[in-house]
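Numbering (numbering that gives the first Met the number 0), first residue to last: 0 to 162.
Ideal Cβ positions, reconstructed from N, Cα and C, are used throughout, including at glycine.
Here the structure is a predicted model, which is why all the values come from computation and not from measurement.
The structure under discussion appears below in the form of structure tokens.
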Amino acid sequence: MTSTYNSDSDIKQLALATLASYVDALTCGAASSLPIREISSQMAKYYLPGCTAFTLRTITPFPDEEFASSMIQSQLERFVSLGVGINMRLEEARIEVISQTSAACWATFSVSIKNGEGWSWTNVYGFRMVEGRENGLKGGWEWVNGDGEMVELLGRYPNAMEH
Numbered sequence: 000m001t002s003t004y005n006s007d008s009d010i011k012q013l014a015l016a017t018l019a020s021y022v023d024a025l026t027c028g029a030a031s032s033l034p035i036r037e038i039s040s041q042m043a044k045y046y047l048p049g050c051t052a053f054t055l056r057t058i059t060p061f062p063d064e065e066f067a068s069s070m071i072q073s074q075l076e077r078f079v080s081l082g083v084g085i086n087m088r089l090e091e092a093r094i095e096v097i098s099q100t101s102a103a104c105w106a107t108f109s110v111s112i113k114n115g116e117g118w119s120w121t122n123v124y125g126f127r128m129v130e131g132r133e134n135g136l137k138g139g140w141e142w143v144n145g146d147g148e149m150v151e152l153l154g155r156y157p158n159a160m161e162h
């Protein structure tokens, strides 16, 4: 069930709150040393059924939360196996309203590696407001573009996809 909010600021605030909660699922899980599968499971709740991920010309539909969790888990495990780890944080966010029920969310993340190095990247998430979700969220990601993350990762670790 989708409903509409009265103003652009309403949907913008809802998208921003969703992004903040999504980031908390990652950062709080990493800070508390939760197993990656649990962090992935928490993050997967934000992906709507049928969400589509676009990354460097690869299109990956996420049919359900379980599949989203497995894809997130693979990516987080890749970061760990490369020695990068998952000490990530949100540096900046920008929300642009698309309609009364959707917005595009630019999220700039940074990662700090144990030796003090690190880098940042920007991913873009397509937020869709959906009320009545079983997990209590008022919306989630309808699509995501992860080009920024992968360009930065592959620039530093050209064989990253083999991990």
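So, for residue i: in the same chain, excluding its five sequence neighbours on each side, which residues have a beta-carbon less than 6 Å away from its beta-carbon?
{"i": "arginine 36", "result": "Gln72"}
{"i": "isoleucine 85", "result": "Ala29, Leu75, Phe78"}
Mapping DSSP to helix, strand and coil, what is residue i?
{"i": "valine 143", "result": "strand"}
{"i": "glycine 154", "result": "helix"}
{"i": "glutamate 148", "result": "helix"}
{"i": "isoleucine 58", "result": "strand"}
{"i": "glutamate 161", "result": "helix"}
{"i": "isoleucine 85", "result": "coil"}
{"i": "isoleucine 35", "result": "helix"}
Quick check on the DSSP output: the beta strand (DSSP E) that includes residue i runs from which residue to which?
{"i": "threonine 26", "result": "Premise fails: threonine 26 lies in the alpha helix (DSSP H), 7 to 30, not in any beta strand (DSSP E)."}
{"i": "valine 79", "result": "First-last for valine 79: 64 to 80, but that is the alpha helix (DSSP H), not the beta strand (DSSP E)."}
{"i": "arginine 127", "result": "117 to 128"}
What do you get for residue i, buried or exposed, if any count of 16 or more other CB atoms within 10 angstroms of its CB means buried?
{"i": "threonine 17", "result": "buried"}
{"i": "glutamate 141", "result": "buried"}
{"i": "glutamate 95", "result": "exposed"}
{"i": "leucine 163", "result": "In this structure the chain extends from 0 to 162, so residue 163 is not present and cannot be described."}
Tell me which residues share the same chain as residue i and place their Cβ nearer than 8 Å to its Cβ, disregarding the 5 neighbours each side in the sequence.
{"i": "isoleucine 58", "result": "Thr51, Ala52"}
{"i": "arginine 155", "result": "Trp118"}
What does a CB cutoff of less than 7 Å around residue i pick up in its chain, not counting 5 residues either side in sequence?
{"i": "glutamate 148", "result": "Trp120, Asn122"}
How do the region 116 to 132 and the region 25 to 42 stand: do at least 3 beta-carbon pairs fall below 8 Å, yes or no?
With the cut-off at 8 Å, the region 116 to 132 and the region 25 to 42 do not touch.
Are at least three pairs of beta-carbons, each pair with one atom in the region 12 to 26 and one in the region 91 to 105, less than 8 Å apart?
Counting Cβ pairs under 8 Å, three or more are found: they touch.
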